[in-house]
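Enquirer:
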Amino acid sequence: MAISVKVMRRPEVGRTSYMRATLKGMSLTFKHMVNPTKVTLQYPEDQPDLHPRWRGTHRMEVHADGRPKCVACGLCPTVCPANCIRLVGGEDDQGNRYPIVYEIDEFRCIFCGMCQEVCPVEAIHVGRHFENAEYSRDRFVYDLDRLMEQDHPTTLLWDPSDSRSE
Amino acid sequence: MADNGRKADTVTLTIDGHEVTVPKGTSLLHAAETLGVEVPHYCYHPGLSAPAQCRICLVEVEGAPKLQPSCVTMAQDGQVVHTESAQARRMRQGVLEFYLVNHPLDCPICDMSGECKLQDYVFNEGREHGRGREPKRVFGRDDFGGDVLYYGDRCVMCTRCVRFMDEVARDGRLTVVERGDRAVIDTFFESGLDGASFAGNIVDICPVGALVSKDFLHKARAWDLDHTESVCPNCSQGCNIDLHTRDNLVQRLKPRENPEVNGHWMCDYGRANYEWLNRPGRLEAPAVGRGDKRRASDWQHALHALFERLAEAEGASVRVVGSAFSSNEALDALRALAEQAGTLQAGVFRARRAEDEDPLPGFPILVRRRDLAPNVDGAGILGFTRVGDDDGTGGLEEAADHDGVLIVVGDELADQDESFGAKAGLFVYLGTFDSPAARNADFVLPLTTFAEEEGTFVNAQGRVQRFRQGLRGPGTAQPAWLVLGTLAAALTGGDRPVSAADAFASIVQRHAAFGGLIWEGVGSAGAALEAAHA
Numbered sequence: 290m291a292i293s294v295k296v297m298r299r300p301e302v303g304r305t306s307y308m309r310a311t312l313k314g315m316s317l318t319f320k321h322m323v324n325p326t327k328v329t330l331q332y333p334e335d336q337p338d339l340h341p342r343w344r345g346t347h348r349m350e351v352h353a354d355g356r357p358k359c360v361a362c363g364l365c366p367t368v369c370p371a372n373c374i375r376l377v378g379g380e381d382d383q384g385n386r387y388p389i390v391y392e393i394d395e396f397r398c399i400f401c402g403m404c405q406e407v408c409p410v411e412a413i414h415v416g417r418h419f420e421n422a423e424y425s426r427d428r429f430v431y432d433l434d435r436l437m438e439q440d441h442p443t444t445l446l447w448d449p450s451d452s453r454s455e
Numbered sequence: 013m014a015d016n017g018r019k020a021d022t023v024t025l026t027i028d029g030h031e032v033t034v035p036k037g038t039s040l041l042h043a044a045e046t047l048g049v050e051v052p053h054y055c056y057h058p059g060l061s062a063p064a065q066c067r068i069c070l071v072e073v074e075g076a077p078k079l080q081p082s083c084v085t086m087a088q089d090g091q092v093v094h095t096e097s098a099q100a101r102r103m104r105q106g107v108l109e110f111y112l113v114n115h116p117l118d119c120p121i122c123d124m125s126g127e128c129k130l131q132d133y134v135f136n137e138g139r140e141h142g143r144g145r146e147p148k149r150v151f152g153r154d155d156f157g158g159d160v161l162y163y164g165d166r167c168v169m170c171t172r173c174v175r176f177m178d179e180v181a182r183d184g185r186l187t188v189v190e191r192g193d194r195a196v197i198d199t200f201f202e203s204g205l206d207g208a209s210f211a212g213n214i215v216d217i218c219p220v221g222a223l224v225s226k227d228f229l230h231k232a233r234a235w236d237l238d239h240t241e242s243v244c245p246n247c248s249q250g251c252n253i254d255l256h257t258r259d260n261l262v263q264r265l266k267p268r269e270n271p272e273v274n275g276h277w278m279c280d281y282g283r284a285n286y287e288w289l290n291r292p293g294r295l296e297a298p299a300v301g302r303g304d305k306r307r308a309s310d311w312q313h314a315l316h317a318l319f320e321r322l323a324e325a326e327g328a329s330v331r332v333v334g335s336a337f338s339s340n341e342a343l344d345a346l347r348a349l350a351e352q353a354g355t356l357q358a359g360v361f362r363a364r365r366a367e368d369e370d371p372l373p374g375f376p377i378l379v380r381r382r383d384l385a386p387n388v389d390g391a392g393i394l395g396f397t398r399v400g401d402d403d404g405t406g407g408l409e410e411a412a413d414h415d416g417v418l419i420v421v422g423d424e425l426a427d428q429d430e431s432f433g434a435k436a437g438l439f440v441y442l443g444t445f446d447s448p449a450a451r452n453a454d455f456v457l458p459l460t461t462f463a464e465e466e467g468t469f470v471n472a473q474g475r476v477q478r479f480r481q482g483l484r485g486p487g488t489a490q491p492a493w494l495v496l497g498t499l500a501a502a503l504t505g506g507d508r509p510v511s512a513a514d515a516f517a518s519i520v521q522r523h524a525a526f527g528g529l530i531w532e533g534v535g536s537a538g539a540a541l542e543a544a545h546a
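Each protein sequence line maps, in turn, to chains A and B. The first sequence begins at 290 in this note's numbering and counts up one residue at a time. The second sequence begins at 13 in this note's numbering and counts up one residue at a time.
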């Protein structure tokens, strides 16, 4: 089988000049030199603005006396699609139901925010927070003390001013 | 249909547009139930009298001037009943709203949440938002003694618990005190329910979370529990129960209705004794070798080696020790194996025996029996002899010094010392836990408990009852009927049992007392042995 060769015709000389494209590109460069717009964020000196609905690692709200707000109702482990919450309920010395064990495996978590949505006492929240680095994997299972220590802002799952949003 | 002139003992009525025929004297609530229509109810319970005081089962009966309580209105010929008419629904909504005037919205911390009738009914047809503005009255909680806690705030005053103690337990320890919205259930004396042996049932029949079990308090949510039909293993009455399990652990036992055995009830002794099913430290893999020579093994090697030893021992004298906690299938397979392996000298078992029985006065069929093991009667029928004393100890002197083949199944030998079976030519120990007395065993094989396998028990009424598997066994533990049946089949060259149904079929073949029974026929409710003979 003979090889067929397609012969391309060169464009006319007037259209092969690269000068026009070069000037066009350089004009953009010079424009930014004169009037620069900032794109690079100088993290970690500068922190990004997180959206109010940003969903990051969890945080447990506490009462004024330091007890967790959680009443161990078991709704968050029930609703959790990733099955990452382990909860063992019990009773404290004042007769209140509270979580003896409350663990969230942040590696398994898919940050859907349903735990916050389902919580009847507004105890567990997902947070507007993303700096989670650790030196070991087992540190990503957050226990109750760790969840109560977190102090980052919590997520707004809906706009409180919009009556239709909830 | 031709009328033969006999007075009809059934009535035909119409409920929600469907015609239904029920025996005379059936309540409308029951008649609706046969159609699959659940009329909401609190005070009515099939095992108790019906005071018609909760007012939520009211239904519309055509021709009646006002709504009728369906729990006490008897079905009559030609009646036309509407449970879902606008009037009935509006009335139920109103009654539910009244219940919620003082009922706290503490479902998240209430143990009944998920199986609560108030929660169900309000969810189905209650108001979306409460209209109450006044603060709710608060009682706090009261320790009734025994295993029972009372949360007065949650109570709907159905008085099922009061009527149970009066009518069924015949031990009137509860009453309603005060009136109106201050009414609460209370006990008469300081002792409360302490010492009452059937009081745990009031927790089951409470339609809301007013009466809860201390043992189960905050332990698990109702929707997390798996339910398995089973038989109570704590005495030879064999009450039908559901095992409620979570995370491969038994969380609680609940009675399952069976009018022939336990009605709707079970005793507190049976209810409380389930922790042994969760006991850790089980035997998980077979081990081979006596004393210091014991080595871990696997089923294939252990069973091959055991088969060879049994084949060698042919004609030897065999002694077996069974257990009243073993299923009929296990005991029969043990007997079959012993008869194949040599000459069966004796099959014995031991069981604890309480000092007295404890009947339920209002339901006299149900008795907490003296024998505190589920299959004492089955073991007897299958040819095992009871030995030892009332504590389930002693009686094994002959077995301990036996010089032939010795097989122990399910008995932990807790009272025996390390010399047990020292003279035995072949000592096989099958059990759930290792034991110091199993030191001389040539083979130690791990078994499942009754909750981890299928099988049958024979209760004190001579009734064969099936239990089903609710838990996974630890490691490679196997049901005893499978291990023993496989060995027996290998010795005879027959088919080995592959299911509990096969093992049961072999019992039916070998024992006249079981004649005529089939595995499927035993079903959920059990089957009486005598009925099979008739």
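All C-beta atoms, glycine included, are put in the ideal place defined by N, C-alpha and C.
Tell me the rounded alpha-carbon separation between B/D198 and B/L186.
Expert: As a working note, residue 198 of chain B is residue 186 in the second sequence. As a working note, residue 186 of chain B is residue 174 in the second sequence. Looking at the two C-alpha atoms, the distance is approximately 6 angstroms.
Enquirer: Taking 8 angstroms as the limit between beta carbons, can you name the residues of its chain near B/L229, skipping five residues before and five after?
Expert: Within the second sequence, numbered from 1, the residue matching residue 229 of chain B stands at position 217. Excluding sequence neighbours, B/L229 sits near D123, L161.
Enquirer: Taking 8 angstroms as the CB-CB limit, is A/E423 close to chain B?
Expert: Here the question's residue 423 of chain A lines up with position 134 in the first sequence. It does not: the Cβ of A/E423 has no partner Cβ on chain B nearer than 8 angstroms.
Enquirer: Rounded to the nearest angstrom, what separates B/G221 and B/R194 at their Cα positions?
Expert: Working through the second sequence from its first residue, we reach residue 221 of chain B at position 209. Working through the second sequence from its first residue, we reach residue 194 of chain B at position 182. Rounded to whole angstroms, B/G221 to B/R194 spans 18 angstroms at the Cα level.
Enquirer: Kindly indicate which three-state DSSP category B/A544 falls into: helix, strand or coil?
Expert: Here the question's residue 544 of chain B lines up with position 532 in the second sequence. Model confidence at B/A544 stands at a pLDDT of 47, short of 50, so the residue's coordinates are unreliable; what they give is reported in the following sentence. Here B/A544 sits in helix by DSSP.
Enquirer: Can you give me the C-alpha to C-alpha distance between A/H441 and A/G416, rounded to a whole angstrom?
Expert: Residue mapping note: residue 441 of chain A aligns to position 152 of the first sequence, counting from 1. Residue mapping note: residue 416 of chain A aligns to position 127 of the first sequence, counting from 1. Computed Cα separation, rounded: 6 angstroms.
Enquirer: Assign B/K305 to one of three DSSP states: helix, strand, or coil.
Expert: Here residue 305 of chain B refers to the residue found at position 293 when the second sequence is read from its first residue. Correct three-state label for B/K305: helix.
Enquirer: Beta strand (DSSP E) containing A/L376: first to last residue?
Expert: Stepping through the first sequence from its first residue, residue 376 of chain A is reached at position 87. Looking at the DSSP string, the run of the beta strand (DSSP E) that includes A/L376 is 374-380.
Enquirer: I'd like the span of the beta strand (DSSP E) that includes B/H141, first residue to last.
Expert: Here residue 141 of chain B refers to the residue found at position 129 when the second sequence is read from its first residue. That residue, B/H141, is in no beta strand (DSSP E); it is neither H nor E in DSSP.
Enquirer: Interface residues of chain A around B/L229 at Cβ under 8 angstroms?
Expert: The residue given as residue 229 of chain B occupies position 217 in the second sequence. Neighbours of B/L229 on chain A, chain order: E380.
Enquirer: What separation, rounded to the nearest whole angstrom, lies between the Cα atoms of B/G275 and B/G59?
Expert: As a working mapping, residue 275 of chain B is identified with position 263 in the second sequence. As a working mapping, residue 59 of chain B is identified with position 47 in the second sequence. Rounded to whole angstroms, B/G275 to B/G59 spans 8 angstroms at the Cα level.
Enquirer: To the nearest angstrom, how far is it from the Cα of A/C398 to the Cα of A/N372?
Expert: Here residue 398 of chain A refers to the residue found at position 109 when the first sequence is read from its first residue. Here residue 372 of chain A refers to the residue found at position 83 when the first sequence is read from its first residue. Using only the alpha carbons, I get a separation of about 8 angstroms.
Enquirer: Can you give me the Cβ contacts of B/P10 inside the same chain, cut-off strictly under 7 angstroms, excluding the 5 residues immediately before and after it?
Expert: Outside the displayed span of chain B (13 to 546) sits residue 10 of chain B, for which this structure offers no information.
Enquirer: Just by C-beta distance, which residues in the segment 322-350 of chain A are closer than 8 angstroms to chain B?
Expert: The residues in question: there are none.
Enquirer: Could one say the Cβ of A/T367 lies closer than 8 angstroms to chain B's Cβ atoms, at least one of them?
Expert: Residue 367 of chain A sits at position 78 when you count from the first residue of the first sequence. For A/T367, the answer is yes, since a Cβ of chain B falls inside 8 angstroms of its Cβ.
Enquirer: Using the beta-carbon of each residue, which ones in chain B are nearer than 9 angstroms to A/A361?
Expert: Residue 361 of chain A sits at position 72 when you count from the first residue of the first sequence. Under the 9 angstroms cutoff, chain B gives P120, I121, H230.
Enquirer: Quick check on B/S518: does DSSP put it in helix, strand or coil?
Expert: Translated into positions along the second sequence, residue 518 of chain B becomes position 506. B/S518 falls in the helix class under three-state DSSP.
Enquirer: With distances taken between CB atoms, is the gap from B/E466 to B/R480 smaller than 8 angstroms?
Expert: If you number the second sequence from 1, residue 466 of chain B lands on position 454. If you number the second sequence from 1, residue 480 of chain B lands on position 468. Yes. Within cutoff.
Enquirer: Could you tell me whether any Cβ in chain A is nearer than 8 angstroms to the Cβ of B/D236?
Expert: Here the question's residue 236 of chain B lines up with position 224 in the second sequence. Yes, its Cβ sits closer than 8 angstroms to a Cβ of chain A.
Enquirer: Taking only beta-carbon positions, decide if B/R233 is within less than 8 angstroms of chain A.
Expert: Position 221 of the second sequence, counted from the start, is the residue given in the question as residue 233 of chain B. Yes, because at least one Cβ of chain A sits closer than 8 angstroms to the Cβ of B/R233.
Enquirer: Going by alpha carbons, who is nearest to B/R347 out of B/A64, B/L40, B/W493, B/V93?
Expert: Here residue 347 of chain B refers to the residue found at position 335 when the second sequence is read from its first residue. Among B/A64, B/L40, B/W493, B/V93, the Cα nearest to that of B/R347 is on B/W493.
Enquirer: Compare the C-beta of A/T443 against all C-beta atoms of chain B and say whether one is closer than 8 angstroms.
Expert: Reading the first sequence from its first residue, position 154 is the one you call residue 443 of chain A. It does not: the Cβ of A/T443 has no partner Cβ on chain B nearer than 8 angstroms.
Enquirer: Tell me, please, which residues DSSP counts as bridged to A/K313.
Expert: Translated into the one-based positions of the first sequence, residue 313 of chain A becomes position 24. DSSP, once it has assigned bridges, lists no residue as partnering A/K313.
Enquirer: Beta-carbon of A/L409 versus every beta-carbon of chain B: anything under 8 angstroms?
Expert: On the first sequence, position 120 is the one that residue 409 of chain A refers to. As written in the sequence, residue 409 of chain A is Pro, which differs from the Leu given in the question. Chain B contact via Cβ: present.
Enquirer: Taking one C-beta from the segment 204-220 of chain B and one from the segment 496-503 of chain B each time, how about it: are there three or more such pairs within less than 8 angstroms?
Expert: Output reads no: the segment 496-503 of chain B does not touch the segment 204-220 of chain B.
Enquirer: So, under 8 angstroms CB-CB, B/V470 and B/L378 are touching, yes? Tell me the CB distance rounded to an integer number of Å.
Expert: In the second sequence, the residue the question calls residue 470 of chain B occupies position 458. In the second sequence, the residue the question calls residue 378 of chain B occupies position 366. That belief does not hold up - the Cβ atoms of B/V470 and B/L378 are roughly 17 angstroms apart, past 8 angstroms.
Enquirer: Put A/E240 into one of helix, strand or coil per three-state DSSP.
Expert: A query on residue 240 of chain A cannot be resolved here, the shown segment of chain A reaching from 290 to 455 and no further.
Enquirer: Measuring from the CB of A/P357, is there a heavy atom of the ligand ZN at a distance below 7 angstroms?
Expert: As far as ligands go, the structure on display features none, and thus does not contain the ligand ZN.
Enquirer: Could you check if A/T326 is buried or exposed, using at least 16 other CB atoms within 10 Å of its CB as the buried criterion?
Expert: One-based indexing of the first sequence puts residue 326 of chain A at position 37. That one is exposed.
Enquirer: If we define contact as Cβ-Cβ less than 8 angstroms, is A/R356 a contact residue for chain B?
Expert: Residue 356 of chain A sits at position 67 when you count from the first residue of the first sequence. No, its Cβ sits nowhere closer than 8 angstroms to a Cβ of chain B.
Enquirer: Could you please give the first and the last residue of the uninterrupted alpha helix (DSSP H) stretch that includes B/G390?
Expert: Locating residue 390 of chain B in the second sequence gives position 378, where the first residue counts as 1. Looking at the DSSP string, the run of the alpha helix (DSSP H) that includes B/G390 is 388-393.
Enquirer: Count the other CB atoms, across all protein chains shown, that sit within 10 Å of the CB of B/R102; report buried if there are 16 or more and exposed otherwise.
Expert: Here residue 102 of chain B refers to the residue found at position 90 of the second sequence. With fewer than 16 Cβ atoms within 10 Å of its Cβ, B/R102 is classed as exposed.
Enquirer: Chain B beta carbons: is any one of them nearer than 8 angstroms to that of A/R375?
Expert: Locating residue 375 of chain A in the first sequence gives position 86, where the first residue counts as 1. Chain B, which has no Cβ nearer than 8 angstroms to the Cβ of A/R375, makes this no.
Enquirer: Mind checking which residues open and close the beta strand (DSSP E) that includes B/V333?
Expert: To locate residue 333 of chain B, count along the second sequence from 1; it is residue 321. Taken as a continuous stretch (DSSP letters only), the beta strand (DSSP E) holding B/V333 covers 328-333.
Enquirer: Start and end of the alpha helix (DSSP H) containing A/P366?
Expert: By one-based count along the first sequence, residue 366 of chain A stands at place 77. 364-368 is the extent of the alpha helix (DSSP H) around A/P366.
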